[in-house]
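Position in the sequence shown (first residue = 1) + 1368 = the numbering used here. In this text, a Cβ means the ideal position worked out from N, Cα and C, and glycines have one as well. Structure, as structure tokens:
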Amino acid sequence: MGENSELSKNNPAIPIKPGSEDAWIEKVLAIGKSIVALEQTTPVTLPLRPEELAEQVDLGISPHGTTFAQVLNDLEQVAALTPRTSSKRFYNQLFGGRDPISTAAELVVAFANTSMYTYKAGGINAVIEEQLMAKISGLLGFSDGEGTISPGGSISNLLSVVLARDNAVHQNGGPFKIYTSELCHYSIRKNANITGIGRKNVRFVKTDDRGRILIDSLVNLIEEDLAQGDSPLMINATAGTTVLGAFDPIRAISRIAKKYSLWLHVDGALGGAMILSKKHRHLIDGISCANSLTWNPHKLMGVPLSCSAFIVHQKGLLEKSLGEEADYLFQSEEEGMADLGATSIQCGRRNDALKLWAAWKHHGDQGFESRVDSLMSLAQETASLIRQAPQLELVAEVASVNVCFRHKTAPAAWICRQLEVRQLALVSHALVGEEKIIRLPLVNLDTTLDDIRLFLGFVVEVAEDWK
Ligand SMILES: Cc1ncc(COP(=O)(O)O)c(C=O)c1O
1369 MGENSELSKN NPAIPIKPGS EDAWIEKVLA IGKSIVALEQ TTPVTLPLRP
1419 EELAEQVDLG ISPHGTTFAQ VLNDLEQVAA LTPRTSSKRF YNQLFGGRDP
1469 ISTAAELVVA FANTSMYTYK AGGINAVIEE QLMAKISGLL GFSDGEGTIS
1519 PGGSISNLLS VVLARDNAVH QNGGPFKIYT SELCHYSIRK NANITGIGRK
1569 NVRFVKTDDR GRILIDSLVN LIEEDLAQGD SPLMINATAG TTVLGAFDPI
1619 RAISRIAKKY SLWLHVDGAL GGAMILSKKH RHLIDGISCA NSLTWNPHKL
1669 MGVPLSCSAF IVHQKGLLEK SLGEEADYLF QSEEEGMADL GATSIQCGRR
1719 NDALKLWAAW KHHGDQGFES RVDSLMSLAQ ETASLIRQAP QLELVAEVAS
1769 VNVCFRHKTA PAAWICRQLE VRQLALVSHA LVGEEKIIRL PLVNLDTTLD
1819 DIRLFLGFVV EVAEDWK
């Protein structure tokens, strides 16, 4: 006690007044309020260079610390300078908006600061995660499924490669081969590298004009590899590709996976949400035949980053690949009070389950379903607006929530940059074939058709300055 107060005297960074909690918690909530207010007044921040940012906040860490009050002020300033990724003008990536109930849950998580690795530390939160995993398994039609929440879709996809490798059927002496769409997310290549399979052993399957894997091309690659003595390992089917939002034909792919005894993973980071919608579930028809699935509720369901579910069709497979003895940590002795560390990649693991649970509990199955349906409709309505605009053109039919389009005269990258520097909107460009186009993902549940009209108006307006 005495030691602590001595330390506090010399180190102004440590809050010293007993009972000061209320004051700083109020200040934190005030910062939260100011972030929300700034999203209205300046929905797009000026893109400043690092040295310009460093001029606005003292970023240095001094040997003697900084007062608690000063750091809280600095935090407020950092928040003000942070790109407004929750504003309605943010269309840059596949996440956006703010779902109040899951943000509330996220605050609870920050205060509780528990870890999900053991039942002892996670308690009720571990029960919640297991319940969520069971619910998603049920929706997928996995009668014996299990799952874990990972730090993102890339890591969920990594888990699929690890489990496929540990349960490989073909061990022909030649290298393992992974088959995936030429339009897949880059984590597939990265994960091949991380697992030692190697980037060069990722086989890219050609796609049709709507961005879906061509089955003939898939079969040809597998046959070629078998003839060479290689070891086909897994097929990664994408449900909602990163740019076009396209869905690979899972049922047809599952027949090929079965025929050649390959692991079938579905990267549904974006489109896994279709399990929630009766209207759009056909897009992932055949999903119950998959071995594993990635689904990121932090994309289409508006749950705060990060929240990704990795679900596998058979209980016990996660522990087979990830379970380790650690006497100092795993001390659960009672049946049903499992330590989730045995089924996850991390040791200490933050609680990303609570915000999904809170959102799902609040909105219900029906609320989640109507969220998916309304975003899918919004994307189609946006496509109609683009068809009607003489200066704009769709690049591809809209497959889900990403609308890819071009301006007929001004280049996509130039338009995106102009929208940013003029503080009108954040949106990104992407390659479709050889062409850079504008990709507009509709993932923010608060976005209205009027917001889209405004956005498209900005695109047309800035493009007038292109010479
Ligand atoms: C299809 C697909 N898979 C995986 C990912 C990676 O997800 P995360 O950003 O959570 O790592 C993305 C990200 O956009 C994606 O579009």
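| Asked | Found |
| --- | --- |
| Chain D contact for residue 1515 (CB, 9 Å cutoff) | Judged by its chain identifiers, the structure shown contains no chain D, having just a single protein chain. |
| Best match in 1780, 1770, 1817, 1769 for proximity to residue 1760 [C-alpha to C-alpha] | 1780 |
| The stretch 1610-1620 contacting the stretch 1567-1582, beta-carbon criterion three pairs below 8 Å | yes |
| Proximity below 9 Å, CB of residue 1826 to CB of residue 1794 | no |
| Selection from 1605, 1399, 1532 that minimises the alpha carbon distance to residue 1552 | 1605 |
| Segment contact flag, the stretch 1555-1569 with the stretch 1514-1531, C-beta cutoff 8 Å, min 3 pairs | yes |
| Residue 1786 classed as buried or exposed, judged by whether at least 16 other C-beta atoms fall within 10 angstroms | buried |
| Of the residues 1708, 1622, 1508, the one placed nearest residue 1642, counting alpha carbons only | 1508 |
| Residues of its chain near residue 1831, where Cβ-Cβ distance is below 7 Å and the 5 sequence neighbours each way are ignored | 1759, 1775, 1777, 1778, 1783 |
| Residue from 1634, 1568, 1685 whose Cα sits closest to the Cα of residue 1661 | 1634 |
| Unbroken stretches of the beta strand (DSSP E), 3 residues or longer, contained in the stretch 1624-1688 | 1631-1636, 1660-1663, 1676-1680 |
| CB contact flag (residue 1424, residue 1445, <9 Å) | yes |
| Proximal residues to residue 1370 (C-beta, below 6 Å), its chain only, five neighbours per side dropped | Any reading at residue 1370 is ruled out, since the residue's pLDDT is 37, under 50, leaving its predicted position unreliable. |
| Cβ-based neighbour list, residue 1733, same chain, cut-off 8 Å, excluding 5 preceding and 5 following | 1644 |
| Identity of the residue in 1688, 1689, 1714 nearest residue 1697 by Cα | 1714 |
| As assigned by DSSP and simplified to three states, the class of residue 1614 | coil |
| Residue 1625 versus residue 1806 - alpha carbon distance | 35 Å |
| Residue 1708 CB to nearest heavy atom of ligand 1 below 8 Å | no |
| Span of the alpha helix (DSSP H), counted from its first residue to its last, around residue 1479 | 1468-1480 |
| Cutoff 7 Å; reference residue 1411; Cβ partners in own chain excluding five residues on either side | 1452, 1455, 1456, 1457 |
| Rounded separation between residue 1820 and residue 1669 - CA only | 19 Å |
| Selection from 1572, 1666, 1554 that minimises the alpha carbon distance to residue 1548 | 1572 |
| Strand pairing of residue 1599, partner residues [DSSP] | 1544 |
| Separation of residue 1447 from residue 1430, as counted between CA atoms | 21 Å |
| Backbone CA spacing between residue 1396 and residue 1405 [nearest angstrom] | 14 Å |
| Opening and closing residue of the alpha helix (DSSP H) in which residue 1730 lies | 1721-1756 |
| Residue 1462: CB within 8 Å of a non-hydrogen atom of ligand 1 | yes |
| Residues that DSSP places opposite residue 1798 in a beta bridge | 1805 |
| Helix, strand or coil at residue 1605 according to DSSP, with G and I counted as helix | strand |
| Alpha-carbon to alpha-carbon, residue 1407 and residue 1392 | 23 Å |
| Cβ-heavy atom distance, residue 1395 to ligand 3, below 8 Å | What this structure holds is ligand 1, not ligand 3. |
| Rounded Cβ spacing between residue 1679 and residue 1484 (contact assumed at less than 8 Å) | Going by Cβ atoms, the distance from residue 1679 to residue 1484 rounds to 16 Å, so no, they are not a contact pair. |
| Three-way DSSP call (helix, strand, coil) for residue 1839 in this model | The structure shown does not extend to residue 1839, since the chain is modelled only from 1369 to 1835, so the question has no answer here. |
| Exposed unless 16 or more other CB atoms sit within 10 angstroms - verdict on residue 1610 | buried |
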